[in-house]
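Visitor:
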Amino acid sequence: MSHIPWWLILVVWVPITAGLAWLALGPYGMGGLAFALHVVAGVFVWTLTEYVLHRFAFHHIPTSGWGRKFHFIMHGVHHLDPWDRTRLVFPPVGGILIMGALFGLWSLVLPVASVVAGFVGFVLGYITYDMTHYYTHHGRPKSRWGKFLKTWHLAHHHKAWEAMYGVSSPLWDYVFGSVPDEVRQRRQKAKAKVDASA
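My numbering numbers the first residue of the sequence shown as 25 and each following residue consecutively.
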């Protein structure tokens, strides 16, 4: 269950995302601007969900034997061997269960058309997270942002496993204070240097 090739995420989730977009724009009749705003909101909500899941679910060690085994299969094995290419993306079965539950919950409090359109962004955020996660371990980024994310995530594995939970974005680590002091201090020194030269 936990040996998953990276490309399976695209095979499973891209058609689902396309179907949701078709539903929002077709049968639900959502306009282009409203759709785009819902997608952006969905991506934003995903970044928070990614942070919360990684910090409080994936890094919470259960006390029961079954809970520990489940945790190990879902995330612990990845920290044991972060270079295993088949254990870097979230298993689709678990993803579908979580996404289905969230879709159902949100449908209880929001209009279904909004949930459908928002889920396009939410799932795109999830795909970005999983592809970024794989790439931070096995890619060779050329862009400044790609290099930053790789350095950020590998520091989570090798220096600060109880911090730096964002994979596709460090935003919520800064908001919730899960950035190690040494990283904050380095960034403040770099900013002061730039400010002094301006």
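Note that beta-carbon positions come from the ideal geometry of N, C-alpha and C, so glycine has one too.
Please read these numbers as outputs of a predicted model, since none were measured by experiment.
#1: Does DSSP put G50 in a helix, in a strand, or in coil?
#2: Going by the beta-carbon positions, is the gap between L197 and V191 smaller than 7 Å?
#3: What's the call for A42, buried or exposed, on a 16-neighbour Cβ count within 10 Å?
#4: Quick one: which unbroken alpha helix (DSSP H) runs of 4-plus residues sit fully inside the region 143 to 209? Chain order, please.
#5: What residues in its chain sit with their C-beta under 7 Å from that of F143, if we drop five residues either side in the sequence?
#6: Which same chain residues, not among the five before or five after H177, have their C-beta less than 6 Å away from its C-beta?
#7: Within a Cβ cutoff of 8 Å, which residues of the same chain sit near G145, ignoring the five residues on either side of it in sequence?
#8: Compute the distance between the beta-carbons of L47 and V140, then report whether it is under 7 Å.
#9: Going by alpha carbons, who is nearest to G150 out of H181, K171, P116?
#10: Here's the rule: buried if 16 or more other CB atoms are within 10 angstroms of the residue's CB, otherwise exposed. What is T156?
#11: Determine the contact status of V147 and W30, defining contact as a CB-CB distance below 7 Å.
#12: How is H78 classed by DSSP in three states: helix, strand or coil?
#13: Within 10 angstroms of its Cβ, does L173 collect 16 or more other Cβ (buried), or is it exposed?
#14: On the three-state DSSP scale, how would you describe P39?
#15: Of the residues R168, E74, I85, W90, which one's Cα is nearest the Cα of G119?
#16: If you draw a straight line from the C-alpha of G170 to the C-alpha of P194, how long is it?
#17: Short of 7 Å in beta carbon distance, which residues of its chain neighbour F59, apart from the five on each side in sequence? Order them along the chain.
#18: Work out the CA separation of R79 and H181 for me, nearest whole Å.
Guide: A quick look at the data gives this:
#1: Looking up residue 50 in the sequence shown gives position 26. The answer is coil: DSSP assigns G50 none of H, G, I, E or B.
#2: Within the sequence shown, residue 197 is the residue found at index 173, counting from 1. Within the sequence shown, residue 191 is the residue found at index 167, counting from 1. According to the sequence provided, residue 197 is Asp. The question's Leu does not apply to it. Taking 7 Å as the Cβ cut-off, D197 and V191 do not qualify as a contacting pair.
#3: For the purposes of this step, residue 42 is identified with residue 18 of the sequence shown, where counting begins at 1. Flag for A42 reads exposed.
#4: Complete alpha helix (DSSP H) runs here, min 4: 168 to 182, 195 to 199.
#5: To locate residue 143, count along the sequence shown from 1; it is residue 119. Correct list, in chain order: L44, G66, F127.
#6: Within the sequence shown, residue 177 is the residue found at index 153, counting from 1. Correct list, in chain order: T160, V191.
#7: The residue labelled residue 145 in the question sits at position 121 within the sequence shown. Excluding positions up to five away in sequence, the list reads H62, V63, V64, A65, G66, V67, F68, V69, W70.
#8: Looking up residue 47 in the sequence shown gives position 23. Looking up residue 140 in the sequence shown gives position 116. Going by beta carbons, L47 and V140 fall inside the 7 Å limit.
#9: For the purposes of this step, residue 150 is taken as the residue at position 126 of the sequence shown. What sits at residue 150 in the sequence shown is Tyr, not Gly. Nearest option by C-alpha distance: P116.
#10: Numbered from its first residue, the sequence shown carries residue 156 at position 132. Looking at its Cβ environment, which holds 16 or more other Cβ atoms inside 10 Å, T156 is buried.
#11: Counted from its first residue, the sequence shown places residue 147 at position 123. Counted from its first residue, the sequence shown places residue 30 at position 6. No, these two residues do not count as a Cβ contact at 7 Å.
#12: Your numbering for residue 78 matches position 54 in the sequence shown. Reduced to three states, the DSSP call for H78 is helix.
#13: As a first step, residue 173 is located in the sequence shown; it is residue number 149 there, counting from the start. Counting Cβ neighbours within 10 Å, L173 comes out buried, since at least 16 surround it.
#14: Position 15 of the sequence shown holds residue 39. The answer is helix: DSSP assigns P39 an H, G or I state.
#15: Start at 1 with the first residue of the sequence shown, and residue 119 comes out as number 95. For the residues R168, E74, I85, W90, the minimum Cα distance to G119 belongs to E74.
#16: For the purposes of this step, residue 170 is taken as the residue at position 146 of the sequence shown. For the purposes of this step, residue 194 is taken as the residue at position 170 of the sequence shown. Distance between the alpha carbons of G170 and P194: 12 Å.
#17: In the sequence shown, counting from the first residue as 1, residue 59 sits at position 35. Excluding sequence neighbours, F59 sits near A48, L49, A141.
#18: Position 157 of the sequence shown, counted from the first residue, corresponds to residue 181. Position 55 of the sequence shown, counted from the first residue, corresponds to residue 79. So the two alpha carbons sit approximately 13 Å from each other.
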